[in-house]
Amino acid sequence: MTGSETSPSFRLAYVPGVTPAKWVRIWNERLPDVPLHLVQVSAEEASGVLRDGGADAGLLRLPTDRTDLSAIPLYTETTVVVVPKDHLVAAADEVTPEDLADDIVLHPLDDTLDWEHPPGRPAIERPATTKDAVELVAAGVGLLVVPQSLARLHHRKDLTYRPVTGTPESRVALSWREDRTTDLVDDFIGIVRGRTVNSTRGRRPAAPAEAQRDRPGTGGARRQPAAGKPKPTSSGKGARRGSGAPKGIKRGKRGKPRR
12 MTGSETSPSF RLAYVPGVTP AKWVRIWNER LPDVPLHLVQ VSAEEASGVL RDGGADAGLL
72 RLPTDRTDLS AIPLYTETTV VVVPKDHLVA AADEVTPEDL ADDIVLHPLD DTLDWEHPPG
132 RPAIERPATT KDAVELVAAG VGLLVVPQSL ARLHHRKDLT YRPVTGTPES RVALSWREDR
192 TTDLVDDFIG IVRGRTVNST RGRRPAAPAE AQRDRPGTGG ARRQPAAGKP KPTSSGKGAR
252 RGSGAPKGIK RGKRGKPRR
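Position one of the sequence shown corresponds to residue 12 (our numbering), numbered consecutively onward.
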């Protein structure tokens, strides 16, 4: 089987915490003949996977190196602090970085927030991953500030989280290589942007005007009134309102037929 005969498919990379289920469902409804394959990648390797052709498009976190990548920001996440349930922060509705000044705040190597100065006191060593940092929080070693979706992803019954104001926020974006904006990529862009299946911005053109005119029952040609019949008017001239009889001809009263 040659490359031109191979059935098309679409590979979508996504980073931890991002849930593409809604867009995948819409894709399967609109393009049932084009399988969509999900590729889970770390936040660090997401842009490299797109550059190397490991995926056609990806849901990643900004900021990232966009030298040869296009990106459409989709939404911004709330930043939260993960704490043990018996921590003082758990009693608050939200906190500020200043409220965490006396606590050890873990800063994992795969951190997705663009910090200038992370809050709190630094740990002796940086955890390798966010998952490792969550385990340390559960062990009482420190606290962790992450996007809310990552707090949900690594949820534990003995931990909770609260919003943190005045901190960097994680932006999730759809990204792809600029020189590989294929028809399928454009289809997925339309889905995440909320275009309808009949949107004029979609790549599938509408049926030609000739086909619309030739299609039976479409009313492509305006019907002409039959010869000898007057055109109806809204002014009531030439015909009584509510009656189809010409002017001057009275309708007979309804009654029993004559014997």
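All residues carry an ideal CB built from backbone N, CA and C; glycine is no exception. Computed from a prediction, not measured in an experiment: that's the story for all the values here.
Asked, Found
"Quick check: what's the CA-CA separation for Asn209 versus Val203?", "15 Å"
"Quick check on DSSP: helix, strand or coil for Ala220?", "With a pLDDT of only 42 at Ala220, under the threshold of 50, the placement of this residue in the model should not be trusted; the figure read from the coordinates follows. It is helical."
"Could you check whether the stretch 168 to 184 touches the stretch 132 to 144, counting it as contact only if at least three pairs of C-beta atoms, one from each stretch, sit closer than 8 Å?", "no"
"Rounded to whole angstroms, what's the CA-CA distance from Pro46 to Asp104? Just pull it up for me.", "44 Å"
"Should Ser20 be labelled buried (16 or more other beta-carbon atoms within 10 Å of its own) or exposed?", "exposed"
"Quick one, which of Ala184, Trp126 and Val196 has its alpha-carbon nearest Leu71's?", "Ala184"
"In this structure, what does DSSP give as the bridge partners for Gln185?", "Before going further, note that residue 185 is Leu rather than Gln in the sequence given. Per DSSP, Leu70 and Ile83."
"For Gly153, count the other beta carbons within 10 Å of its own beta carbon; 16 or more makes it buried, fewer makes it exposed. Which is it?", "buried"
"Below 8 Å, how does it come out for the stretch 53 to 60 and the stretch 83 to 103: are there three or more Cβ pairs, yes or no?", "no"
"In three-state DSSP terms, what is Val26?", "coil"
"Select from Glu40, Val157 and Ala66 the residue whose C-alpha is nearest the C-alpha of Val91.", "Val157"
"Apart from the five residues on each side of it in sequence, which residues of its chain come closer than 6 Å, Cβ to Cβ, to Arg22?", "His48, Val50, Ala66 and Asp67"
"Alpha carbon to alpha carbon, what distance is there between Val145 and His165?", "7 Å"
"With respect to the beta strand (DSSP E) encompassing Val145, which residues constitute its N-terminal and C-terminal limits?", "Counting along the chain, Val145 falls outside any beta strand (DSSP E), though it belongs to the alpha helix (DSSP H) covering Thr141 to Ala149."
"Buried or exposed, going by whether 16 or more other CB atoms sit within 10 Å of the CB of Asp109?", "Here residue 109 is Glu; the residue named in the question, Asp, does not match the sequence. When all chains shown are included, Glu109 counts as exposed."
"For chain B, find out if any of its Cβ atoms is closer than 8 Å to the Cβ of Arg191; answer yes or no.", "No chain B appears in the structure shown, which is made up of a single protein chain."
"Along the alpha helix (DSSP H) that carries Leu164, what are the first and last residues, could you check?", "Gln159 to Leu164"
"Assuming Ser81 and Ser160 are in contact, meaning their beta carbons sit under 8 Å apart, how far apart are those beta carbons, in whole angstroms?", "With 8 Å as the limit, Ser81 and Ser160 do not qualify as a contact, their Cβ atoms being about 23 Å apart."
"List the endpoints of the continuous alpha helix (DSSP H) containing Arg173.", "Run containing Arg173: none in the alpha helix (DSSP H); it sits in the beta strand (DSSP E), Leu170 to Pro174."
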